[in-house]
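So the sequence lines, in the order shown, correspond to chains A and B. Each residue of the first sequence is one higher than the last, beginning at 2 in the numbering used here. Each residue of the second sequence is one higher than the last, beginning at 6 in the numbering used here. Built from N, CA and C at the ideal position, the CB exists for glycine as well. These numbers come from a predicted model, not from an experiment. I have placed the structure first, in the form of structure tokens, so that the comments after it can refer back to it.
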Amino acid sequence: MISRFVRGRRIRAKLVVLSTVVAGSALVLAGIAFWAYQSILYVEALKRESSTIAQMLADNSIAALTFSDKAAATEIANTLRAEPRVAKACFFGSSDAVMAIYRRSGEPGDCPPANPHVVARFTPHHLLIFHPVSFNAETVGSVYLEIDLAEMYGMWIRFGIISAIVLCMATLFAMGISSKLQRTISEPILHLASIASQVSGSGHYSLRALKTSDDETGQLIDQFNDMMAKISERDKELKRAQDELELRVEERTQSLRVEIAERKAVEQSLVNAKLAAEEANAAKSGFLANMSHELRTPLNAILGYSEMLEEDARAAGNTTAVSDLQRILFAGRHLLNLVNDVLDISKIEAGALQLHLETVHSNDITREVVATVEPLARNNGNRLELRVDGGGFMRVDVLKFRQSLLNLLSNACKFTSNGTISLTVARSVQGDSKMLRWDVRDTGVGISETDMKRLFQPFSQVDSSSTRRHGGTGLGLAISQRLCSMMGGSITLASAPGVGSTFTVHMPAVDQ
Amino acid sequence: MRANRSALRAGGAIALIAMSLSLCAAQEPIPDEYQVRAAIIVNIVRFVTFKQNGDDLRGPIRLCLLGYDQQSALLEGYLSAHPVDGRPFQVRRLSNSERPEGCQALYVSPGERRRFDEISEALLGAGVLTISDDRTFAFSGGIVGLPVVGERIEIQVNLVRAEQSGIVISSRLLGLAKVIRKVANR
Numbered sequence: 002m003i004s005r006f007v008r009g010r011r012i013r014a015k016l017v018v019l020s021t022v023v024a025g026s027a028l029v030l031a032g033i034a035f036w037a038y039q040s041i042l043y044v045e046a047l048k049r050e051s052s053t054i055a056q057m058l059a060d061n062s063i064a065a066l067t068f069s070d071k072a073a074a075t076e077i078a079n080t081l082r083a084e085p086r087v088a089k090a091c092f093f094g095s096s097d098a099v100m101a102i103y104r105r106s107g108e109p110g111d112c113p114p115a116n117p118h119v120v121a122r123f124t125p126h127h128l129l130i131f132h133p134v135s136f137n138a139e140t141v142g143s144v145y146l147e148i149d150l151a152e153m154y155g156m157w158i159r160f161g162i163i164s165a166i167v168l169c170m171a172t173l174f175a176m177g178i179s180s181k182l183q184r185t186i187s188e189p190i191l192h193l194a195s196i197a198s199q200v201s202g203s204g205h206y207s208l209r210a211l212k213t214s215d216d217e218t219g220q221l222i223d224q225f226n227d228m229m230a231k232i233s234e235r236d237k238e239l240k241r242a243q244d245e246l247e248l249r250v251e252e253r254t255q256s257l258r259v260e261i262a263e264r265k266a267v268e269q270s271l272v273n274a275k276l277a278a279e280e281a282n283a284a285k286s287g288f289l290a291n292m293s294h295e296l297r298t299p300l301n302a303i304l305g306y307s308e309m310l311e312e313d314a315r316a317a318g319n320t321t322a323v324s325d326l327q328r329i330l331f332a333g334r335h336l337l338n339l340v341n342d343v344l345d346i347s348k349i350e351a352g353a354l355q356l357h358l359e360t361v362h363s364n365d366i367t368r369e370v371v372a373t374v375e376p377l378a379r380n381n382g383n384r385l386e387l388r389v390d391g392g393g394f395m396r397v398d399v400l401k402f403r404q405s406l407l408n409l410l411s412n413a414c415k416f417t418s419n420g421t422i423s424l425t426v427a428r429s430v431q432g433d434s435k436m437l438r439w440d441v442r443d444t445g446v447g448i449s450e451t452d453m454k455r456l457f458q459p460f461s462q463v464d465s466s467s468t469r470r471h472g473g474t475g476l477g478l479a480i481s482q483r484l485c486s487m488m489g490g491s492i493t494l495a496s497a498p499g500v501g502s503t504f505t506v507h508m509p510a511v512d513q
Numbered sequence: 006m007r008a009n010r011s012a013l014r015a016g017g018a019i020a021l022i023a024m025s026l027s028l029c030a031a032q033e034p035i036p037d038e039y040q041v042r043a044a045i046i047v048n049i050v051r052f053v054t055f056k057q058n059g060d061d062l063r064g065p066i067r068l069c070l071l072g073y074d075q076q077s078a079l080l081e082g083y084l085s086a087h088p089v090d091g092r093p094f095q096v097r098r099l100s101n102s103e104r105p106e107g108c109q110a111l112y113v114s115p116g117e118r119r120r121f122d123e124i125s126e127a128l129l130g131a132g133v134l135t136i137s138d139d140r141t142f143a144f145s146g147g148i149v150g151l152p153v154v155g156e157r158i159e160i161q162v163n164l165v166r167a168e169q170s171g172i173v174i175s176s177r178l179l180g181l182a183k184v185i186r187k188v189a190n191r
């Protein structure tokens with residue numbers, strides 16, 4: 002209850018209340034203890050004194066009771082007038098007859114039945130005492146005393162009143178003293194509190210509390226001041242860091258802007274370059290397509306007339322002219338092939354090539370291709386081997402696929418002499434899809450690692466010298482690969498220089 | 006008698022024992038004078054310490070009767086029924102010529118007063134407690150007198166004679182008795 006009362010108060014009131022409560026409760030406790038001690042002492046003393054009186058009365062009345070002398074007994078009883086605490090006394094003879102009665106004025110004159118034993122008993126208002134009267138170990142009677150307890154109660158009440166007065170005065174005194182003394186504790190704290198509230202209100206960390214003592218409050222004030230110093234130092238540092246940060250952010254923003262502008266310029270130039278390149282590429286392809294077309298027309302005329310002339314010369318038996326004309330025919334056909342290749346790659350790159358897809362069985366294509374290549378292989382003393390491990394249907398542009406396969410096989414024949422060219426057809430699986438696979442293996446010159454990378458680029462052969470030796474535009478592989486990938490397949494290469502090369506064609510298999 | 010009166014000491018409470026003696030219950034008939042006196046004699050013996058050599062402290066209390074009257078007869082009967090501190094009374098009647106040898110207490114009938122005077126010095130030497138109803142007994146050589154004064158029996162004690170006999174009487178009894186401190190004036 003006290004703590005609830007104190008909790009809401011200011012520190013001054015708390016200190017006063019606390020010290021007053023402490024002093025007051027100590028006084029109350031001390032008072033109660035003293036009162037209890039006094040009461041016990043009083044009761045013990047009363048019992049002792051009363052027993053002594055009873056003992057003396059018993060001794061004095063031996064003869065009177067022995068001789069049943071009522072007058073003598075009454076005389077002895079009347080000596081009790083000197084003791085105001087005795088309310089009543091009775092003397093009993095040996096036959097328990099009442100021999101004498103003493104009573105204080107106002108007390109009733111009756112006696113309780115005699116009791117031959119020593120008794121000391123308290124009732125609410127009296128202390129009752131029986132004491133036997135004996136002479137030479139013979140009981141000649143007994144004495145009964147009634148001691149009034151009014152005096153004891155009076156003492157208790159007086160003690161209570163005095164205690165209450167003393168308690169009140171002492172509590173008032175304690176309040177006065179504590180309200181004086183609490184200032185030594187409360188004032189530094191209140192000062193500190195007011196400084197703290199000023200600081201939190203105004204934000205001036207330069208304010209300092211005044212130290213007035215060296216005790217814990219003094220230490221508290223010192224630490225508060227230290228803390229304030231540190232806070233104000235940190236505040237400054239923070240401000241400095243913030244300023245620096247702003248400056249750096251500004252600088253960085255500036256440099257980023259410049260960088261962004263630069264990048265935009267680069268990007269723009271790249272876009273322009275790309276557009277230019279695309280335009281250039283399209284122009285090139287268009288040019289090549291037009292050129293090839295334009296070239297084919299006169300070439301066809303040349304080839305047609307050369308054949309006619311050759312037939313005429315053969316019929317006329319002019320052998321010299323026949324061999325010359327055959328040379329013209331061969332060169333013209335080669336030129337036509339070159340022009341066709343250029344036309345194909347141009348169409349592919351320009352996205353203008355139209356595929357005519359149909360479903361065909363692998364064996365049909367393989368058979369045709371082998372028949373076509375066989376004489377070519379024999380030319381360089383090569384042996385052609387065919388092995389069919391499996392086959393199936395596929396959906397391709399038959400002409401274009403055959404062209405690709407022929408290209409691979411004729412390359413193998415071209416770059417191998419007195420070796421073996423093998424074609425293996427099989428089914429295979431790539432990921433989830435069923436594929437058909439052609440392996441074209443030769444035992445020719447082989448291709449180095451670096452050359453493999455360039456091999457599928459247009460206009461490239463392993464070296465420029467080989468172009469001259471073997472003829473061809475170097476467009477064959479590039480065209481073949483592009484055609485295969487347009488039909489959903491691929492061409493890959495594995496090779497080791499001096500051992501031979503293996504080109505592998507994969508095409509997706511379809512159901513009938 | 007006038008001299009005797011002057012010898013009386015005024016102090017001393019007068020024991021007036023009339024009716025309600027310890028031996029009687031309240032509802033019993035009022036005891037007569039002789040019975041009361043017999044009770045007094047027994048109680049007096051309680052408060053008396055006999056001469057050391059004559060009292061073996063354990064044996065019977067030897068009481069002799071000098072002369073024989075109504076009181077003597079009643080006393081004889083009463084004593085045999087009332088021992089003191091567990092010691093019974095041994096009562097002996099002295100014949101005319103018999104010397105009071107071996108007596109610790111002697112009850113003298115008022116009629117034997119002359120004979121008492123003859124042997125009183127011898128009794129003194131023998132330390133015998135002498136008791137009589139005679140009004141002048143305690144004033145004239147006896148130790149305890151139990152005369153009737155008014156309506157009550159008064160206990161008279163001659164302390165001088167008691168001391169001479171070597172008998173010690175309790176001060177408690179003396180509180181009730183009329184104490185005589187003068188040597189007998191015969």
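query                                                                                                                                                                          : result
Cutting at 8 Å between CB atoms, please list the residues of its own chain near Gln458/A, excluding the five before and the five after it.                                     : Ala479
How far does the alpha helix (DSSP H) with Tyr4/B in it reach, from first residue to last?                                                                                     : The structure shown has nothing for residue 4/B, since chain B only spans 6 to 191.
Let me know if Asp398/A comes out buried or exposed under the rule of 16 or more other beta-carbons within 10 Å of its beta-carbon.                                            : buried
Are the C-beta atoms of Asp90/B and some chain A residue less than 9 Å apart?                                                                                                  : yes
In whole angstroms, what separates the C-alpha of Val87/A from that of Arg120/B?                                                                                               : 55 Å
Let's see if you can read the secondary structure: which residues bound the beta strand (DSSP E) around Asp149/A?                                                              : 139–149
Examine chain A for any beta-carbon lying closer than 9 Å to the beta-carbon of Leu178/B, and answer yes or no.                                                                : yes
If you reduce the DSSP assignment to three classes, tell me which class Met508/A lands in.                                                                                     : strand
DSSP state of Thr218/A, grouped into three classes?                                                                                                                            : helix
Please give the ranges of any alpha helix (DSSP H) in the region 58–106 of chain A, keeping only runs that are unbroken, at least 4 residues long and fully inside the region. : 63–67, 71–79
Can you check whether the CB of Asp60/A is closer than 9 Å to the CB of Val141/A?                                                                                              : no
Against Leu181/B, what residues of chain A qualify as contacts under a CB-to-CB distance less than 8 Å, listed in chain order?                                                 : Ala64, Ala65, Phe68, Asp70, Ala73
Look up Asp1/A in the DSSP assignment and say whether it is helix, strand or coil.                                                                                             : Chain A is shown only over 2 to 513; residue 1/A falls outside these bounds and no answer can be derived.
Runs of 4 residues minimum, wholly inside the region 240–318 of chain A: which ones carry the alpha helix (DSSP H) assignment?                                                 : none
Can you name, in chain order, every residue of its own chain whose Cβ lies under 7 Å from the Cβ of Asn226/A, other than the five neighbours on each side?                     : Arg209, Ala210
To the nearest angstrom, how far is it from the Cα of Phe68/A to the Cα of Arg104/B?                                                                                           : 32 Å
Exposed or buried, which one is Leu26/B when buried takes at least 16 other CB atoms within 10 Å?                                                                              : Residue confidence is low: Leu26/B scores 39 on pLDDT, short of 50, so the model does not pin down where it sits. Its coordinate-derived value is still stated next. Burial call: buried.
Report yes or no: do three or more beta-carbon pairs, one from the region 500–513 of chain A and one from the region 480–490 of chain A, lie closer than 8 Å?                  : yes
Should Ser423/A and Arg442/A be called a contact, given that it needs their Cβ atoms to be closer than 9 Å?                                                                    : yes
In chain B, which residues lie with their C-beta within 8 Å of the C-beta of Phe136/A?                                                                                         : Arg51, Arg177
Counting contacts by CB-CB distance shorter than 9 Å, is Ile185/B in contact with chain A?                                                                                     : no
Buried or exposed: which applies to Arg122/A, given that a residue is buried once 16 or more other Cβ atoms fall within 10 Å of its Cβ?                                        : exposed
According to DSSP, is Gly150/B helix, strand or coil?                                                                                                                          : strand
Suppose you measure from the CA of Leu330/A to the CA of Thr417/A; what does that come to, to the nearest Å?                                                                   : 26 Å
Whole angstroms are fine: how far does the CA of Ala74/A sit from the CA of Cys169/A?                                                                                          : 53 Å
Would you be able to state if there are at least three C-beta pairs under 8 Å between the region 82–102 of chain A and the region 156–172 of chain A?                          : no
Given this structure, state the Cα-to-Cα distance separating Gly477/A from Ser405/A, to the nearest angstrom.                                                                  : 8 Å
Go ahead and label Gly445/A buried or exposed: buried means 16 or more other beta carbons lie within 10 angstroms of its beta carbon, across all protein chains shown.         : buried
Would DSSP call His335/A helix, strand or coil?                                                                                                                                : helix
If you draw a straight line from the C-alpha of Glu350/A to the C-alpha of Ser286/A, how long is it?                                                                           : 7 Å
Which first and last residues belong to the alpha helix (DSSP H) in which Pro133/A is found?                                                                                   : Unbroken run through Pro133/A is the beta strand (DSSP E), 127–136; no alpha helix (DSSP H).
Based on Cα-Cα distance, which residue from Leu178/B, Glu159/B, Gly180/B, Leu134/B lies nearest to Gln169/B?                                                                   : Leu134/B
Please check the pair Gly447/A and Pro498/A, which I expect to be a contact at CB under 8 Å, by giving their CB distance rounded to whole angstroms.                           : 4 Å
Counting only Cβ pairs nearer than 9 Å, list the residues of chain A close to Ile45/B.                                                                                         : Phe68
Kindly give me the distance between the Cβ atoms of Met487/A and Leu356/A, rounded to whole angstroms, as I take these residues to be in contact under 8 Å.                    : 6 Å
When you compare only the Cα positions, how much space is there between Pro85/A and Ile162/A?                                                                                  : 24 Å
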